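J.: Take a look at this one; I'll ask things after.
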Amino acid sequence: MIRGFMASNSDKDFVLITNVEQNKFYDQLLQDTGFDKDPRVKFVGTVYDQELLKYIRENAFAYFHGHEVGGTNPSLLEALESTKLNLLLDVGFNREVGEDGAIYWKKDELARVIEEVEGFDQAAITDLDFKSSQRILSAFTWEKIVSDYEELFKG
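Using the UniProt record's numbering, you'd call the opening residue of the sequence shown number 1 and step up by one each time.
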């Protein structure tokens, strides 16, 4: 994602909330991408305060989700509920969770997708925000999850 963002013409910052600072992975990212030469790329550390994290998500232009494996990722669910524009790596797990409430990108297309979504009007962003929130309400509430398990166990 860092390379894709750096290749874009975005005038926005790419803020990474993560705990990779000052370790071998961080050092490898630095060596592989040269992100330190791009003032838009900012590693801000880990945010454990859930209210602050929610505030950041609500006020971010977009949330980037680059996970390639897994299933229903909690951070993705939180972003779909609280971030207006969600850009997800185009893999089956992410499409299954986000459905039509997100924009999907392939690794070699991220710069283009960033530039494209920066041109979206407010109506397009509001539509995606509504769809992602509806997706959460329809598929990822405790009531829905419990109901699905009850059906499964009843056979």
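All C-beta atoms in this analysis are idealised placements derived from N, C-alpha and C, irrespective of residue type, glycine included.
All figures in this text were calculated on a predicted structure; none of them were measured in a lab.
1) Pairs of beta-carbons, one from the segment 38–50 and one from the segment 7–24, closer than 8 Å: are there three or more?
2) Would DSSP call F35 helix, strand or coil?
3) Using the Cα positions of F5 and T126, report the straight-line distance between them to the nearest angstrom.
4) Can you tell me whether L85 is helix, strand or coil according to DSSP?
5) Using a 10 Å radius around the Cβ and a threshold of 16 neighbouring Cβ atoms, would you call I136 buried or exposed?
6) Nearest-angstrom Cα distance between W142 and G34?
7) Can you list, in chain order, the residues of its chain with a C-beta nearer than 6 Å to that of E58? Leave out the 5 residues immediately preceding and following it.
8) My assumption, with CB atoms under 8 Å, is that G98 sits in contact with N86. Please give the rounded CB distance.
T.: Based on what the coordinates show:
1) As far as the Cβ criterion goes, the segment 38–50 touches the segment 7–24, which means the pair count is three or higher.
2) If DSSP states are grouped into helix, strand and coil, F35 belongs with the helices.
3) A direct Cα-to-Cα measurement between F5 and T126 gives close to 23 Å.
4) DSSP places L85 in the coil class of the three-state scheme, outside both helix and strand.
5) By the C-beta density criterion, I136 is buried, having at least 16 other C-beta atoms within 10 angstroms.
6) When rounded, the separation of the alpha-carbon atoms in W142 and G34 is 43 Å.
7) Taking C-beta separations shorter than 6 Å and ignoring five residues to either side along the sequence, the partners of E58 in its chain run S82, following chain order.
8) So it is a contact: roughly 6 Å between Cβ atoms.
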